[in-house]
Amino acid sequence: MNELLFITDTYKNLNIKKDTSVLMIEEAIKNNFIVFQCELNDLFVQDGIVHASSRNIISAGLTQVEGILKEDKKISDFKFSFMRKDPPVDENYLNALHLLGLAEKQGATIFNKPNSIKEFNEKIFALHFNKYIPKTLVTSNLEKIKDFYELHKTIIVKPLDGMGGISIHKIDDLNEDNLNIINEMTNLEQTKIICQEFLEDIYDGDFRVLIIHGKPFEKTLARIPQKGNFKGNLAAGGKGIAMDISDFQRSLGEEIGEYLITAGINFAGMDIIGECLTEINITSPTCAREIYEQTGINPIARYFEGL
Numbered sequence: 265m266n267e268l269l270f271i272t273d274t275y276k277n278l279n280i281k282k283d284t285s286v287l288m289i290e291e292a293i294k295n296n297f298i299v300f301q302c303e304l305n306d307l308f309v310q311d312g313i314v315h316a317s318s319r320n321i322i323s324a325g326l327t328q329v330e331g332i333l334k335e336d337k338k339i340s341d342f343k344f345s346f347m348r349k350d351p352p353v354d355e356n357y358l359n360a361l362h363l364l365g366l367a368e369k370q371g372a373t374i375f376n377k378p379n380s381i382k383e384f385n386e387k388i389f390a391l392h393f394n395k396y397i398p399k400t401l402v403t404s405n406l407e408k409i410k411d412f413y414e415l416h417k418t419i420i421v422k423p424l425d426g427m428g429g430i431s432i433h434k435i436d437d438l439n440e441d442n443l444n445i446i447n448e449m450t451n452l453e454q455t456k457i458i459c460q461e462f463l464e465d466i467y468d469g470d471f472r473v474l475i476i477h478g479k480p481f482e483k484t485l486a487r488i489p490q491k492g493n494f495k496g497n498l499a500a501g502g503k504g505i506a507m508d509i510s511d512f513q514r515s516l517g518e519e520i521g522e523y524l525i526t527a528g529i530n531f532a533g534m535d536i537i538g539e540c541l542t543e544i545n546i547t548s549p550t551c552a553r554e555i556y557e558q559t560g561i562n563p564i565a566r567y568f569e570g571l
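So for the sequence shown, my numbering puts the first residue at 265; every next one is plus one.
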């Protein structure tokens, strides 16, 4: 059994120069695995068995070659399956996780573990390590958000299901425009959002630390805001600079890594601003490509060595 399955967003839309999923597929092919790829809507159950209508990826990256026809294959027939679909973790995503959880009971090995992705919202996951996080409020209540703002004067508000810096707002005045933003985000107090004190250290970088098989990788990516922006996310225009891991980042990564392994999460991305943990990404962590290109050290090669 030498076949791997990658469950991703639409393959032709993946950025072959940046996407970590593509780097994973390249590394898998390099390691003589036969690679298949599918999307969430390709998962199905027939006669009680979970299958994927998947396409063979013969060559990835700049020399991409893929099979013409999809093949229906049992998830349990793959050596490993990798859930690499980007958020939001919406109803369709959750239903796919339910199917993958069933596939596990049928003998499939899936990373990251579907039940853990269901259990740990990426924005809330960091609250399990409360002593390391910035001052944080999770609520839909406007008065509580106002009180939090009055306490800290400048805050960040973001949805619980976002990614890439989308819909993250810096609130430094409770004017009508900002109140409208909050009301829209909370759906008039019906939807919870996360509020955090603004960290000035963001201008020194929002650091992505990869946790691979429970161990922090020795190189990090500092995502530095550009042109007066406060967002370091690469998708929001931040500049990524690879750096050596700091002692604090390593120590925190080791502590969190132990927890991740017990939860069946062997590849994660920890986000750190200054000495504050802001998020733990477990759906489809990125930045491996940028680290590899700048340092010559491949995090994904390390990942495959540990499988």
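Each residue gets a CB set at the ideal place from its N, CA and C atoms; glycine is no exception. All values derive from a computational prediction rather than experimental measurement.
For the beta strand (DSSP E) containing residue i, list its first residue and its last residue.
i      : result
Arg319 : Ile313 to Ser323
Val286 : Val286 -> not in any beta strand (DSSP E); alpha helix (DSSP H) instead, spanning Thr284 to Lys294.
Asn545 : Cys540 to Asn545
Thr400 : Thr400 to Thr403
Lys422 : Ile419 to Pro423
Glu335 : Glu335 to Lys338
Asp535 : Phe531 to Ile537
Leu485 : Lys483 to Ile488
Asp508 : Lys503 to Asp508
Starting from residue i, trace the alpha helix (DSSP H) both ways and give me its first and last residue.
i      : result
Asp441 : Glu440 to Met449
Leu361 : Glu355 to Lys369
Out of the options, state which residue places its alpha-carbon closest to the alpha-carbon of residue i.
i      : options                           : result
Phe244 : Leu438, Ile544, Met449 and Gly528 : Any question about residue 244 goes unanswered here, given that the chain covers just 265 to 571.
Tyr567 : Gly331, Ile289, Leu278 and Tyr275 : Ile289
Asp468 : Pro480, Lys495 and Leu474         : Lys495
Glu518 : Leu474, Lys399 and Gln301         : Leu474
Glu554 : Gly570, Thr526, Gly504 and Ser323 : Gly504
Gly647 : Asn405, Glu368, Lys281 and Gly502 : Because the chain spans 265 through 571 in this model, residue 647 falls outside it and cannot be assessed.
Gln370 : His362, Val353 and Ser340         : Ser340
Met347 : Ile397, Val314 and Ile546         : Ile546
Glu218 : Glu557, Pro398 and Ser323         : Residue 218 lies beyond the stretch modelled for the chain, which goes from 265 to 571, so this question has no answer here.
Ile321 : Asp283, Leu361, Ile298 and Asp411 : Ile298
Asn379 : Thr400, Glu407, Asn444 and Gly528 : Gly528
Would you report the Cα separation of residue i and residue j, rounded to the nearest angstrom?
i      : j      : result
Met449 : Leu438 : 15 angstroms
Ile536 : Gln454 : 29 angstroms
Phe342 : Leu415 : 52 angstroms
Ser285 : Ala532 : 13 angstroms
Asp465 : Leu287 : 30 angstroms
Ile364 : Asn279 : Residue identity check: residue 364 is Leu in the sequence provided, not Ile. Going by the C-alpha atoms only, they are around 25 angstroms apart.
Ile509 : Lys479 : 12 angstroms
Leu424 : Ile458 : 6 angstroms
Identify the residues that DSSP records as bridge partners of residue i: which are they?
i      : result
Phe270 : Gln301 and Phe346
His433 : Val421
Checking contacts by CB at 9 angstroms: is residue i closer than that to chain D?
i      : result
Leu443 : Absent from the structure: chain D. Only one protein chain is present.
Original post:
Fully enclosed by the region 446-475, which alpha helix (DSSP H) runs are 4 residues long or longer?
Top reply: none
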